[in-house]
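Enquirer:
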Amino acid sequence: MGASGVLVINIALPSAKTTFYRPSISKYDVSYQNWTRGSCRILSPGQASPCHKQRSSRWGLVSTNRRRPTTMAWQDITARVEVDAPLSVAWELWSDREGVNRWMPWIASIKILKDQPELSEWTLKYNAFGKDLEFSWLARNLQPIRYQKIHWRSLDGLPNRGAVRFYPRGSTSCGVELTISYEVPELLAGVASGLSPLVERILRNDLERFAVFAKDYQLKSSRK
């Protein structure tokens, strides 16, 4: 976080280094329904940081910068796994939001806000392109559909949304599907599409770890 209250994210690419400047949000509005994103410009190394003046509204964040926001592109990645544990066990484990990094090691931490339990702060740490990358975001937990769907969306920081869906397979097993969507600048769309196989492999490995974790958890619980 810079002295001017601007979040600086460095992303290392194979042939260049690009820096993003994104306005920070100091307060969270839980009545969030829709908001206009401030413009996000891609700067060459050494170029001066822009200054984005913004004001709050009851719907979230409204930009006073008159530039047109950069067009964004979304990447949607889905992975699935069969789990040798009852659906109720899979649901219980995923409902413990702060514990999902037990099978998703690239999530460094998840913290539920004590005064606003529907909000959670996420931190991602991962090594890619020879660099240690770190991103963080504030997420809002959306209304779950019991034993069917748990989902969330970011309000600040790295733009993303996610959903975990559950499918019964009988009394002792279930199917789990994880979908992660993230937003990237249009100018990086070509690079972002190249990241899809990497992200898909990460999510598939996460779900395979979850299947092992859930099975062990069920066995230990049944012995008590």
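All the letters of the sequence shown, read from the start, carry residue numbers 1 to 224 under full-length UniProt numbering. C-beta: ideal position from N, C-alpha, C; glycine also. The structure presented is a predicted model; accordingly, all values stated were derived computationally and were not measured.
1) How would you write the range of the beta strand (DSSP E) that Trp122 sits in, first residue to last?
2) Are the beta-carbon atoms of Val176 and Arg80 separated by less than 9 Å?
3) Report the rounded CA-to-CA distance for Ser39 versus Ala73, giving the unit in angstroms.
4) Do the CB positions of Asn141 and Ser120 come within less than 9 Å of each other?
5) Have a look at the DSSP bridge pairing and note the partners of residue 275.
6) Check Pro197 in the structure and name its three-state DSSP category.
7) Relative to the C-alpha of Ala211, which candidate in Ala85, Gln148 and Ser154 has its C-alpha closest?
8) Three-state secondary structure (DSSP) at Asp156?
9) Can you list, in chain order, the residues of its chain with a C-beta nearer than 7 Å to that of Trp94? Leave out the 5 residues immediately preceding and following it.
10) Mark Gln148 as exposed unless 16 or more other C-beta atoms lie within 10 angstroms of its C-beta, in which case mark it buried.
11) Thinking just about the alpha-carbon of each residue, which of Glu118, Arg102 and Thr172 is nearest to the one in Arg153?
12) Rank Arg223, Ile180 and Gly194 by C-alpha distance to the C-alpha of Ala128 and give the top, closest one.
13) With a cut-off of 8 Å on the beta carbons, I'd call Asp156 and Trp137 a contact; round off their distance for me.
14) Along the chain, where does the alpha helix (DSSP H) containing Ser95 start, and where does it finish?
15) Could you have a look at Lys215 and say whether DSSP puts it in helix, strand or coil?
16) I need the DSSP call for Ser221, collapsed to helix, strand or coil.
Expert: Considering the structure as presented:
1) Translated into positions along the sequence shown, residue 122 becomes position 122. Unbroken beta strand (DSSP E) run through Trp122: Leu119 to Ala128.
2) Looking up residue 176 in the sequence shown gives position 176. Looking up residue 80 in the sequence shown gives position 80. Their beta carbons are under 9 Å apart, which means Val176 touches Arg80 by this criterion.
3) To locate residue 39, count along the sequence shown from 1; it is residue 39. To locate residue 73, count along the sequence shown from 1; it is residue 73. Interpretation of Ser39 is limited by its pLDDT of 33, a score under 50 that renders its predicted location unreliable; no figure is taken from the coordinates.
4) Sequence index remark: in the sequence shown, residue 141 carries index 141 (1-based). Sequence index remark: in the sequence shown, residue 120 carries index 120 (1-based). Closer than 9 Å, so yes.
5) Since the first residue of the chain shown is 1 and the last is 224, residue 275 is not available in this structure.
6) Here residue 197 refers to the residue found at position 197 when the sequence shown is read from its first residue. Helix.
7) Walking along the sequence shown from the start, residue 211 turns up at place 211. The shortest C-alpha separation from Ala211 is found at Ala85.
8) Here residue 156 is taken as the residue at index 156 of the sequence shown, counted from 1. Residue state, collapsed to three classes: strand.
9) Along the sequence shown, read from residue 1 onward, the residue named residue 94 stands at position 94. Taken in chain order, the residues that qualify are Val100, Ile150 and Val164.
10) As a first step, residue 148 must be located in the sequence shown, where it is residue number 148. Counting Cβ neighbours within 10 Å, Gln148 comes out exposed, since fewer than 16 surround it.
11) Mapped onto the sequence shown, residue 153 falls at position 153. Ranking the options by Cα distance to Arg153, first place goes to Glu118.
12) As a position in the sequence shown, residue 128 is number 128, starting the count at 1. Looking at the Cα atoms, Gly194 is the closest of the given residues.
13) Mapped onto the sequence shown, residue 156 falls at position 156. Mapped onto the sequence shown, residue 137 falls at position 137. With a Cβ gap of about 6 Å, Asp156 and Trp137 count as contacting.
14) Reading the sequence shown from its first residue, position 95 is the one you call residue 95. First-last of the alpha helix (DSSP H) with Ser95: Leu87 to Ser95.
15) As a working note, residue 215 is residue 215 in the sequence shown. In the structure shown, Lys215 sits in a helix (DSSP, three-state: H, G or I).
16) Here residue 221 corresponds to residue number 221 of the sequence shown, with the count starting at 1. The answer is helix: DSSP assigns Ser221 an H, G or I state.
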